[in-house]
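Notes for the one structure printed next.
In our numbering, the protein residues as written are 84 to 122.
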């Protein structure tokens with residue numbers, strides 16, 4: 084079993100929409116490359 088790896092996206096309180104979009108975009112790109120992604 085492969086070890087889990089984590090990506091943290093940080094920023095200010097008011098930029099939560101931007102952080103969500105960034106996380107979703109990164110997750111979609113990783114899934115396209117065949118990786119398992121959980122948000």
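A virtual CB, placed ideally from N, CA and C, is assigned to each residue, including glycine.
Straight-line CA distance for residue i to residue j?
i: residue 93; j: residue 87; result: 19 Å
i: residue 101; j: residue 84; result: 33 Å
i: residue 132; j: residue 90; result: The structure shown has nothing for residue 132, since the chain only spans 84 to 122.
i: residue 119; j: residue 108; result: 14 Å
Closest by CA to residue i, which one among the options?
i: residue 106; options: 122, 85, 84; result: 122
Tell me the residue span of the alpha helix (DSSP H) that contains residue i.
i: residue 102; result: 99-115
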